[in-house]
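S.K.: Structure below; questions to follow.
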Amino acid sequence: MSSIKVSPVDPANPDLGAVVDNINLETMTDTDFTTLRNALYTYNVVCIKNQSNCTPRTQAELTRRFEPQARSYGHGKTIDAKRSILHPDLKTIPHQPEVQVIGNGFISEYEGLKNATLKHPHHRTFHQTVIPDDQDLDFTRFYRWHIDAALYGDLHPPLVTSLMAVKVPAGRTQTVLYDDGSNDTLSVPLGTTAFVSGYTMFDNLTPEQKEFVLMSKVEYAPHPYVWISTAKSRPDGLGMVSEGKEVAIEHLPPIEHADDIQVLPMAWQNPVTRKFALQIHPSVVRKIHLRDGSVIDDLDRVREIVHDLQRPGIAPELVYAHDWEEGDLVLFNNHGVLHSVVGAFDKDEVRLFRQCNLAASRPPVGPTMSVAIA
Ligand SMILES: [Fe+2]
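Residue numbers for the sequence shown follow full-length UniProt numbering, beginning at 1 and rising by one.
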């Protein structure tokens, strides 16, 4: 029997967040791992406290244990493309290339990275509208709700992402403004990572919406993070504004194989609970494939449909905003939650995190025909 202790963070919000205690990552047995895996797929975001001694190698091995057949880093080499919006945010650890360093401020030396200047993504570089500079340390936005996934070529969305807090600046709080006409706000710890459950997002749909989601697929843009590099986000971070600013398809890098463009189910199944999550990366979705084989390719309409499906799921009471402490190792179910960077740091507020995920060996599990029709 496993001695691991799993404690839900908020019993009122049971499918988001648990703290896992009594675990030794270096000596974890298969029984312990099964307990951890079940906790992950039940609570979808789990935090293992006091892991400051966890090395990049241990982090990578733990992440791989969720899918031993998994491949290289989830974005492969696609983040090397200078035009990708992900390029400035991630620095690869030279001796453990599945692990990336992210954060804010100047780092003289860390795990072989020297004189690195990290920059916490700020909504002013990505959103169509911005919070005025004089309010920037008090108010903030969800930067970009997303799934960690290349969504292109043969890189399937990673099952699990691990995030390790190495250095966390002293805490203050900020208020997230949705700024979408709703007056919704959310008080969050500085530099939180915000999570929402794709299962709750799915469960709260109407019966008609559920049928639509179960029967439809989404097509992602080729070279998705280059495609949106010239476009701007909605203020709630949940998808892009349609102004025709995306990089024209003919100006993207070449599409080598027609099947490099990914067409994925809208609903992804949890391997333990069997529940469906509404899992769409709202920023880079380009088309919707309907059950009758027809395709919605009006980008503005595609985005409105996806936003209507997802927006209720990011309501303030449904967001789990993790309050980071140094040594926290958070694992999240990347096939069942959306997450977002939040917040604005001063340039001398140093934050250092390690992120690891691995491209899955197979696509996400969608509904079978019988489930979809039932
Ligand atoms: Fe992410």
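Glycine residues also receive a C-beta, built at the ideal position from the N, C-alpha and C atoms.
With a threshold of 8 Å, are at least 3 pairs of Cβ atoms found where one atom belongs to the stretch 308-315 and the other to the stretch 190-201?
M.R.: They touch, by the three-pair rule.
S.K.: If you measure from each residue's Cβ to the nearest non-hydrogen atom of ligand 1, which ones come out under 6 Å, in chain order?
M.R.: In chain order, the hits are His146, Asp148 and His339.
S.K.: For the alpha helix (DSSP H) containing Gly198, list its first residue and its last residue.
M.R.: By one-based count along the sequence shown, residue 198 stands at place 198. Residues Gly198 to Asp203.
S.K.: What does DSSP give as the partner residues of Leu278 in its beta bridges?
M.R.: Taking the first residue of the sequence shown as 1, we reach residue 278 at position 278. Paired residues: Ala267.
S.K.: Assuming Asn357 contacts Pro224 under a Cβ cut-off of 8 Å, what Cβ separation, rounded to an integer in Å, is found between them?
M.R.: Within the sequence shown, numbered from 1, the residue matching residue 357 stands at position 357. Within the sequence shown, numbered from 1, the residue matching residue 224 stands at position 224. No, Asn357 and Pro224 are not in contact; Cβ-Cβ is about 16 Å, not under 8 Å.
S.K.: Among the candidates Asp30, Asn38 and Leu264, whose CA atom is the shortest distance from the CA of Val20?
M.R.: Numbered from 1 along the sequence shown, position 20 holds the residue referred to as residue 20. Answer by Cα proximity: Asn38.
S.K.: Buried or exposed: where does Asn44 fall if 16 or more other Cβ atoms within 10 Å of its Cβ makes it buried?
M.R.: Taking the first residue of the sequence shown as position 1, residue 44 is located at position 44. Counting Cβ neighbours within 10 Å, Asn44 comes out buried, since at least 16 surround it.
S.K.: Looking only at its chain, what residues have a beta carbon closer than 8 Å to the beta carbon of Val342, apart from the 5 residues adjacent to it on each side?
M.R.: Residue mapping note: residue 342 aligns to position 342 of the sequence shown, counting from 1. If we look at Val342 and ignore the five residues flanking it on each side, its Cβ neighbours are Thr140, Arg141, Phe142, Tyr143, Gln174, Val176, Val188, Gly191, Thr192, Thr193, Ala194 and Ala321.
S.K.: Under a three-way DSSP split, which group does Glu317 fall into?
M.R.: Numbered from 1 along the sequence shown, position 317 holds the residue referred to as residue 317. In this structure, Glu317 counts as helix in the three-state DSSP scheme.
S.K.: To the nearest angstrom, how far is the alpha carbon of Pro363 from that of Leu331?
M.R.: Position 363 of the sequence shown holds residue 363. Position 331 of the sequence shown holds residue 331. Each residue's alpha carbon lies about 20 Å from the other.
S.K.: On the DSSP letters alone, give me the boundaries of the alpha helix (DSSP H) that Asp30 sits inside.
M.R.: As a working note, residue 30 is residue 30 in the sequence shown. First-last of the alpha helix (DSSP H) with Asp30: Asp30 to Tyr43.
S.K.: Span of the beta strand (DSSP E) holding Tyr110?
M.R.: The residue labelled residue 110 in the question sits at position 110 within the sequence shown. Taken as a continuous stretch (DSSP letters only), the beta strand (DSSP E) holding Tyr110 covers Val99 to Tyr110.
S.K.: State buried or exposed for Phe126, treating a residue as buried only when at least 16 other CB atoms are found within 10 Å of its CB.
M.R.: Against the sequence shown, residue 126 aligns to sequence position 126. Buried is the call here.
S.K.: Which whole-angstrom value describes the C-beta separation of Leu90 and Gly105, a residue pair presumed to lie in contact below a C-beta threshold of 8 Å?
M.R.: In the sequence shown, counting from the first residue as 1, residue 90 sits at position 90. In the sequence shown, counting from the first residue as 1, residue 105 sits at position 105. About 16 Å; that fails the 8 Å criterion.
S.K.: In terms of residue numbering, what span does the beta strand (DSSP E) encompassing His289 cover?
M.R.: Taking the sequence shown and counting its residues from 1, the one referred to as residue 289 is at position 289. Residues Val285 to His289.
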